[in-house]
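What follows is a set of notes on a single structure, which appears directly below.
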């Protein structure tokens, strides 16, 4: 018996600090993140919208909603992957992001693919 839902999108995240675009003296910290989506379900699905909740170390929360990702609304067959890189600007050196992607399966079913919370932080420096 396969316990996996036919509607399953796995989400992996890699993050990095972008020092050349950041201005710590102005409370501007730029981070890049690369997301890999993989259709682990049993039916094709298209990404329609995204919803992000971005929280900085001061507790300031910003919600971002929009169509697609990086201007695309990728459609993935079972087993297909889609990767993209985007960015976030925080007022603190550490923050978190989490959210979800709204998907539509080939059979018309709408479902959410959760984006697990991940940390954005500048690399620790050794003196």
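Residue numbers (full-length UniProt numbering): 1 to 127. Idealized CB from N, CA, C, for every residue including glycine.
Selection from the options that minimises the alpha carbon distance to residue i
i           : options        : result
residue 84  : 35, 73, 24     : 35
residue 100 : 94, 111, 92    : 111
residue 98  : 15, 4, 29      : 15
residue 53  : 66, 41, 45     : 66
residue 117 : 31, 59, 72, 55 : 55
residue 13  : 68, 82, 109    : 82
Residue i vs residue j beta-carbon contact at 8 Å
i           : j          : result
residue 102 : residue 43 : no
residue 37  : residue 11 : yes
residue 29  : residue 93 : yes
Cα-Cα separation between residue i and residue j, rounded to whole angstroms
i           : j           : result
residue 57  : residue 96  : 8 Å
residue 8   : residue 39  : 6 Å
residue 120 : residue 90  : 9 Å
residue 19  : residue 107 : 45 Å
residue 63  : residue 75  : 25 Å
residue 25  : residue 80  : 43 Å
residue 27  : residue 5   : 43 Å
residue 124 : residue 22  : 15 Å
residue 1   : residue 88  : Residue confidence for residue 1 is low, a pLDDT of 44 falling below 50, so the modelled location carries little weight; the figure read from the coordinates is stated next. Near 41 Å, if we compare the C-alpha coordinates of residue 88 and residue 1.
residue 60  : residue 114 : 21 Å
residue 17  : residue 122 : 6 Å
residue 86  : residue 70  : 7 Å
residue 78  : residue 51  : 23 Å
residue 45  : residue 73  : 10 Å
residue 109 : residue 68  : 17 Å
Delimiting residues of the beta strand (DSSP E) encompassing residue i
i           : result
residue 105 : 94-105
residue 35  : 29-39
residue 65  : 61-67
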